[in-house]
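Here's the structure, in structure tokens; my notes come after.
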Amino acid sequence: MDEEEIRDDLNLISMQVILHAGNARDIVMAVLDGLATKNPDFAKLNKQLEEARKEITVAHKNQTDMLQREANGDFIPYSVLFGHAQDTLMTIQSELIMAEKLVPAFRELKEG
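In structure tokens, the structure reads:
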């Protein structure tokens, strides 16, 4: 693979990370909105968290595939876009972890 093909591949993977992490963020925001209602539907919120986790997993796999290529000796050029994708993934993964902690806490408060 020449450098231009590698750069194109890196850009494509970066966009996949951003896309799937962004999908997870949309779901996490829906979960948080659901928690803010008078009567949260905890079964629905837990399903949404599962969906968000699946999206994060896809994003993480894409990132890991690129990192493994570099670890295996492939030259991967520095990319601001890939750095942004990794930052996006890490931030949204943290948001998901927080939402996963909040849902059971809110459930406990509601159900006593």
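Numbering-wise, the sequence shown is residues 36 to 147 according to the working numbering.
Note that CB positions come from ideal geometry on N, CA and C, so glycine has one too.
Just the C-alpha distance for residue i and residue j, rounded to the nearest angstrom, thanks.
i	j	result
Ile132	Leu54	19 Å
Arg88	Met36	33 Å
Asn81	Asn74	14 Å
Glu38	Thr126	29 Å
Gln128	Ile91	7 Å
Arg60	Gln83	11 Å
Arg142	Asn58	25 Å
Ignore the nearest five residues each way along the sequence and tell me which others in residue i's own chain have a CB closer than 6 Å to its CB.
i	result
Ala94	Val52, His55, Ala56 and Leu124
Glu105	Ile111
So what does DSSP say about residue i, is it helix, strand or coil?
i	result
Phe77	helix
Pro112	coil
Thr123	helix
Ala71	coil
Asn46	helix
Gly57	helix
Met133	helix
Gly147	coil
Asn107	coil
What does a CB cutoff of less than 8 Å around residue i pick up in its chain, not counting 5 residues either side in sequence?
i	result
Leu45	Met101, Ile111, Pro112, Ser114, Leu116 and Phe117
Lys79	Gly69
* Does the segment 86 to 100 come close enough to the segment 113 to 132 to have 3 or more Cβ pairs within less than 8 Å? -> yes
* Asked: With a cut-off of 8 Å, do at least 3 Cβ pairs link the segment 103 to 115 to the segment 62 to 77?
  -> no
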